[in-house]
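To keep things clear, I will list the structure first and then write my remarks on it.
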Amino acid sequence: MSSEISCMAYDRRAEADGTWTVVDAITGYPATIGYKQLKDLTGKDASEFMDILNRNTVGSTWRRLPRYAIQGLPARISGVHLA
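First residue of the sequence shown: 1, per my numbering; consecutive thereafter.
Structure follows, in structure tokens:
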């Protein structure tokens, strides 16, 4: 049995205007995919992006997606343009 604690490197934050932002759980800054900041999202989109980013940081809270992680992703995910 493993006693490893699972840490989420990314979280989501509700903004005052009703939109959501995916944030780095350590710094609190908006997360990015490529050059796109993950802000002004719906709650559903923020949850999906948060899950995608957290799946890619398993094993280390310090490991982040590289700047070019957008390569191979569709230009549009859940109605959000990434390019």
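Built from N, CA and C at the ideal position, the CB exists for glycine as well.
Would you report the Cα separation of residue i and residue j, rounded to the nearest angstrom?
i: A14; j: W20; result: 5 Å
i: W62; j: V23; result: With a pLDDT of 44 at W62, under the threshold of 50, the predicted position of this residue should be treated as unreliable, and no value is reported.
i: A46; j: T27; result: 17 Å
i: T37; j: Y29; result: Here residue 37 is Gln; the residue named in the question, Thr, does not match the sequence. Cα to Cα, the separation comes out at about 10 Å.
i: T42; j: E48; result: 10 Å
Confirm, please, whether the CB-CB distance from residue j to residue i is below 8 Å.
i: L53; j: A25; result: no
i: M50; j: D17; result: no
For residue i, is the beta carbon positioned less than 7 Å from some heavy atom of the ligand COA?
i: W20; result: As presented, the structure is devoid of all ligands, the ligand COA included, so that no description of it is given.
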